[in-house]
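Asker: The listed protein sequences correspond, in order, to chains X and Y. Residue 1 is where the first sequence starts when you use the working numbering, and the numbers rise one by one after that. Residue 1001 is where the second sequence starts when you use the working numbering, and the numbers rise one by one after that. In this text, a Cβ means the ideal position worked out from N, Cα and C, and glycines have one as well. Nothing here was measured: the structure is a model prediction, and the numbers come from that model. Sharing a structure here in C-alpha cells format.
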Amino acid sequence: DAGVIQSPRHEVTEMGQEVTLRCKPISGHNSLFWYRQTMMRGLELLIYFNNNVPIDDSGMPEDRFSAKMPNASFSTLKIQPSEPRDSAVYFCASSRTSGSRETQYFGPGTRLLVL
Amino acid sequence: AQSVTQLDSQVPVFEEAPVELRCNYSSSVSVYLFWYVQYPNQGLQLLLKYLSGSTLVKGINGFEAEFNKSQTSFHLRKPSVHISDTAEYFCAVSDVQGAQKLVFGQGTRLTINP
C-alpha cells in the first residue's frame, strides 16, 4: 500500500511568493493532519480534517496560511505571501478514524526554504 | 491542555549497549501515550503506543516503554541498540476523551557509535 504522499519534497521560493504544498492521504483514511517542524518550535499541529471538514485550525499561524481538503484523497496547504520565518519542514499525516487513540501515518515531508 | 517533556535532547550510546529515552508528561485528564521515530529525511513512524491495560508496551524494532502513572512518565528502552537505531525519537500524548490532537515533545536525538 502506498503511504501518505506529499509534493513537492523540496521547495525554494522568494519572500512574497505563494507556496502550495500538496498531500494525498492513505486510501480509506478519514482524518488528515498538517504539521510544521522547526528547530525552535519542534512539531506543531497546524490544522486537521475529519471527513474533509476542518475541525481545528487553532494552530494555523496567521491569515497567510490556509488549508483545504476538496475530497478524501487530496489536501493543500497554501502560504500567501510567504516569509522567511515560514521556512520549515511541513508534514502531512492521516489516520483511519477520528479517535484520539488512532495511529497517525506521516508523509515524508516538504522542506520549504523562503529566501 | 497537555505538555510533554523529553529530558534529553541528545543521547549518544555505543552499539549493543542498552538505552533509555526519558519522557514525562503533564495533563489534567487521562491520556494516550505514543513514541514515534524519525529517521533522517523521513516522516515520523509509530514505534509503540499505550492505550490501556498492561503498563509495559512492546513495539517494533525491539523497543519497549513503560507507563508510570504516578511518575507521569513513559520512558522508552531498548536492551541492545544497533547502528540503524540512529534517529530522532518523539514522545507524544493525546487526550482520551478529547480531540484527535497529538502533543509532541521536543525530541531526543539518539546517536549510536560503533
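1) At which residues does the beta strand (DSSP E) containing residue 1024 of chain Y begin and terminate?
2) With 9 Å set as the bound, which would you pick, yes or no: does the beta-carbon of residue 1003 of chain Y sit closer than that to a beta-carbon of chain X?
3) Could you tell me which residues DSSP puts in a beta bridge with residue 59 of chain X?
4) Can you check whether the CB of residue 30 of chain X is closer than 9 Å to the CB of residue 96 of chain X?
5) Apart from the five residues just before and just after residue 1086 of chain Y, which ones in its own chain have a Cβ nearer than 7 Å to its Cβ?
6) Does residue 1059 of chain Y get closer than 9 Å to chain X when you measure Cβ to Cβ?
7) Counting only beta-carbon atoms, is residue 4 of chain X nearer than 9 Å to chain Y?
8) Report all residues from its chain with a CB closer than 7 Å to the CB of residue 1036 of chain Y; omit the five preceding and five following residues, and keep chain order.
9) Within the 9 Å Cβ cut-off, does residue 1098 of chain Y reach chain X?
10) Starting from residue 37 of chain X, trace the beta strand (DSSP E) both ways and give me its first and last residue.
11) Kindly indicate which residue of X/5, X/80, X/66, X/71 has the alpha-carbon position closest to the one of residue 13 of chain X.
12) Report the option in X/55, X/89, X/94, X/65 whose CA atom is closest to the CA atom of residue 73 of chain X.
13) Expressed to the nearest angstrom, what Euclidean distance is found between the alpha-carbon atoms of residue 39 of chain X and residue 68 of chain X?
14) Using a beta-carbon distance below 9 Å, is residue 7 of chain X in contact with chain Y?
15) Since residue 1100 of chain Y contacts residue 102 of chain X with CB under 8 Å, what's their CB separation in whole angstroms?
16) Quick check: what's the CA-CA separation for residue 1031 of chain Y versus residue 18 of chain X?
17) Between residue 1014 of chain Y and chain X, is any beta-carbon pair separated by less than 9 Å?
18) Closest by CA to residue 15 of chain X, which one among X/64, X/83, X/50?
19) Does the beta carbon of residue 1036 of chain Y sit closer than 9 Å to a beta carbon anywhere in chain X?
20) Measuring alpha carbon to alpha carbon, tell me which of X/41, X/34, X/5, X/115 ends up nearest residue 26 of chain X.
21) Between which residues of its own chain and residue 106 of chain X is the CB-CB distance below 7 Å, once the five residues before and five after are set aside?
22) Residue 1081 of chain Y and residue 1015 of chain Y look like a contact to me (Cβ under 8 Å); what is the Cβ gap, rounded to whole Å?
23) By Cβ distance, which residues of its chain are closer than 7 Å to residue 1002 of chain Y, with the 5 residues on each side in sequence left out?
Answerer: Checking against the coordinates, here is how it stands:
1) Residue 1024 of chain Y sits at position 24 when you count from the first residue of the second sequence. Start and end: 1024-1026.
2) To locate residue 1003 of chain Y, count along the second sequence from 1; it is residue 3. Chain X, which has no Cβ nearer than 9 Å to the Cβ of residue 1003 of chain Y, makes this no.
3) Residue numbering aside, residue 59 of chain X sits at position 59 when the first sequence is read from its first letter. Looking at the DSSP assignment, residue 59 of chain X forms no beta bridge with any residue, so it has no partner.
4) Within the first sequence, residue 96 of chain X is the residue found at index 96, counting from 1. Within the first sequence, residue 30 of chain X is the residue found at index 30, counting from 1. Yes.
5) Start at 1 with the first residue of the second sequence, and residue 1086 of chain Y comes out as number 86. Cβ within range, chain order: 1110, 1111, 1112.
6) For the purposes of this step, residue 1059 of chain Y is taken as residue 59 along the second sequence, with counting starting at 1. Closer than 9 Å: no.
7) Along the first sequence, read from residue 1 onward, the residue named residue 4 of chain X stands at position 4. With 9 Å as the cut-off, residue 4 of chain X counts as an interface residue toward chain Y.
8) For the purposes of this step, residue 1036 of chain Y is identified with residue 36 of the second sequence, where counting begins at 1. Contacts found: 1044, 1045, 1046, 1047, 1090, 1092.
9) Numbered from its first residue, the second sequence carries residue 1098 of chain Y at position 98. True, the Cβ-Cβ gap to chain X drops below 9 Å.
10) Position 37 of the first sequence, counted from the first residue, corresponds to residue 37 of chain X. Its beta strand (DSSP E) spans residues 31-38.
11) Here the question's residue 13 of chain X lines up with position 13 in the first sequence. Closest by alpha carbon: X/80.
12) The sequence position of residue 73 of chain X within the first sequence is 73, counting from 1. Out of X/55, X/89, X/94, X/65, X/94 has the C-alpha closest to the C-alpha of residue 73 of chain X.
13) The count along the first sequence starts at 1 and reaches residue 39 of chain X at position 39. The count along the first sequence starts at 1 and reaches residue 68 of chain X at position 68. So the two alpha carbons sit approximately 26 Å from each other.
14) Translated into the one-based positions of the first sequence, residue 7 of chain X becomes position 7. With 9 Å as the cut-off, residue 7 of chain X does not count as an interface residue toward chain Y.
15) Here the question's residue 1100 of chain Y lines up with position 100 in the second sequence. Here the question's residue 102 of chain X lines up with position 102 in the first sequence. Contact holds; Cβ gap of about 7 Å.
16) In the second sequence, the residue the question calls residue 1031 of chain Y occupies position 31. In the first sequence, the residue the question calls residue 18 of chain X occupies position 18. So the two alpha carbons sit approximately 38 Å from each other.
17) Stepping through the second sequence from its first residue, residue 1014 of chain Y is reached at position 14. For residue 1014 of chain Y, the answer is no, since every Cβ of chain X falls outside 9 Å of its Cβ.
18) Taking the first residue of the first sequence as position 1, residue 15 of chain X is located at position 15. The candidate whose alpha carbon is nearest that of residue 15 of chain X is X/83.
19) The residue given as residue 1036 of chain Y occupies position 36 in the second sequence. It does; some Cβ of chain X falls within 9 Å.
20) Counting from 1 along the first sequence, the entry for residue 26 of chain X is found at position 26. The candidate whose alpha carbon is nearest that of residue 26 of chain X is X/5.
21) Here residue 106 of chain X is taken as the residue at index 106 of the first sequence, counted from 1. If we look at residue 106 of chain X and ignore the five residues flanking it on each side, its Cβ neighbours are 4, 91, 93.
22) For this step, residue 1081 of chain Y is matched to residue 81 along the second sequence. For this step, residue 1015 of chain Y is matched to residue 15 along the second sequence. Rounded, the Cβ-Cβ distance is 6 Å, consistent with contact.
23) Translated into positions along the second sequence, residue 1002 of chain Y becomes position 2. Here the set comprises 1025, 1026, 1027, 1031, 1093, 1095, 1103.
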